[in-house]
Structure formats: structure tokens, C-alpha cells
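Asker: Counting from 525, one number per residue, gives the positions in the sequence shown under my numbering.
A virtual CB, placed ideally from N, CA and C, is assigned to each residue, including glycine.
To start, I am sharing the structure in question, which I have written as C-alpha cells.
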Amino acid sequence: MTVEQAASLAFLLPAATAYAAAIPFTGNLYMPQTTVTGAITFTVAASPVRGAATYLRLVANGTNVPAFTGFNEHIGSAGYDNGNGILNAIWFWYDGVEAWYSVAQEVGAVAVFGFLSSSGVASRRRPPGGA
Numbered sequence: 525m526t527v528e529q530a531a532s533l534a535f536l537l538p539a540a541t542a543y544a545a546a547i548p549f550t551g552n553l554y555m556p557q558t559t560v561t562g563a564i565t566f567t568v569a570a571s572p573v574r575g576a577a578t579y580l581r582l583v584a585n586g587t588n589v590p591a592f593t594g595f596n597e598h599i600g601s602a603g604y605d606n607g608n609g610i611l612n613a614i615w616f617w618y619d620g621v622e623a624w625y626s627v628a629q630e631v632g633a634v635a636v637f638g639f640l641s642s643s644g645v646a647s648r649r650r651p652p653g654g655a
């Protein structure tokens, strides 16, 4: 493999980037887990690159629902769950024409008030077969 070929494949490897509400589309990126503490409006950062994607784990605070300005919500998205402590896994991507996002949560996650688990996320699984 040449240096040029290796460099072109580096785009596929996930790389850490700082949390920002202006979502960068410069490669395959992931942001650190962040807890909502106030109003957030996600926007598309300047000069998006076709095929780029960014992943974010966002913990809801039960009060502030983020806005997604300049993004289309994918039909497969579960939608943002604003239950206090719910972990929302958000994928952002740019297809060369439009910016998209999709949100998922753990199956059975429910809001828990006044409790944080050892992972720092206040959610728990529902018992098998019910609430």
C-alpha cells in the first residue's frame, strides 16, 4: 500500500474531536459524551466534506431539547428523548448535498430522576416483559 492510499483510508478511521454545536464534517469523527446543561442549536460547520460523519452521545437534562438547524432528520430516527438522564446516540452525516441526523436510545431506557449510575448516565433497563 502506498502512502497516498493509506492517507485516503485514514478518512475511514474514527478520530476524536472536541464537542461543538457546529457539527464538523471533515472526516469520520466522534465527540465526547456530553450532558445538556442549557439550550443547544446544532448547525452544520463550514466547508462540509461529502461522506463525512460525526457521532455524539448526548445525555438529556429533561428541560432543554436541542434544535437541529440545517439538518434533515432521517426517517429511521427514533427522535430525541428528553427524559432526564436518557442517553441519545446521535449520528450526523453529510451526503454531499444535505446534512442529516438520526437519534437512537438504548432499548428499554427510561428516565430516572435523582439517580446517576456508575457510568454517569441516569437510565436503566426495563425488566424483561414490562415497565
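Return the bridge partner residues of Ser626 from the DSSP annotation.
Answerer: Numbered from its first residue, the sequence shown carries residue 626 at position 102. DSSP output for Ser626 lists Trp615 as bridge partner(s).
Asker: Helix, strand or coil: how does DSSP classify Leu536 here?
Answerer: For the purposes of this step, residue 536 is identified with residue 12 of the sequence shown, where counting begins at 1. Under the three-state reduction of DSSP, Leu536 is assigned to helix.
Asker: With distances taken between CB atoms, is the gap from Pro590 to Tyr579 smaller than 8 Å?
Answerer: Against the sequence shown, residue 590 aligns to sequence position 66. Against the sequence shown, residue 579 aligns to sequence position 55. For Pro590 and Tyr579, no; Cβs fall outside 8 Å.
Asker: Roughly how many angstroms lie between the CA atoms of Gly575 and Gly632, to the nearest whole one?
Answerer: Looking up residue 575 in the sequence shown gives position 51. Looking up residue 632 in the sequence shown gives position 108. Cα to Cα, the separation comes out at about 32 Å.
Asker: In terms of alpha-carbon separation, which member of Gly594, Glu630, Ala613 and Trp617 lies closest to Thr565?
Answerer: As a working note, residue 565 is residue 41 in the sequence shown. The residue with the shortest Cα to Cα distance from Thr565 is Gly594.
Asker: Note down the Cα distance separating His598 from Asp619, rounded to an integer number of angstroms.
Answerer: Translated into positions along the sequence shown, residue 598 becomes position 74. Translated into positions along the sequence shown, residue 619 becomes position 95. Using only the alpha carbons, I get a separation of about 12 Å.
Asker: For Pro538, collect the residues of the same chain with a Cβ closer than 6 Å to its Cβ; drop the 5 residues on either side in sequence, then sort them by chain order.
Answerer: On the sequence shown, residue 538 is found 14 positions in, with the first residue counted as 1. Here the set comprises Asn552 and Tyr554.
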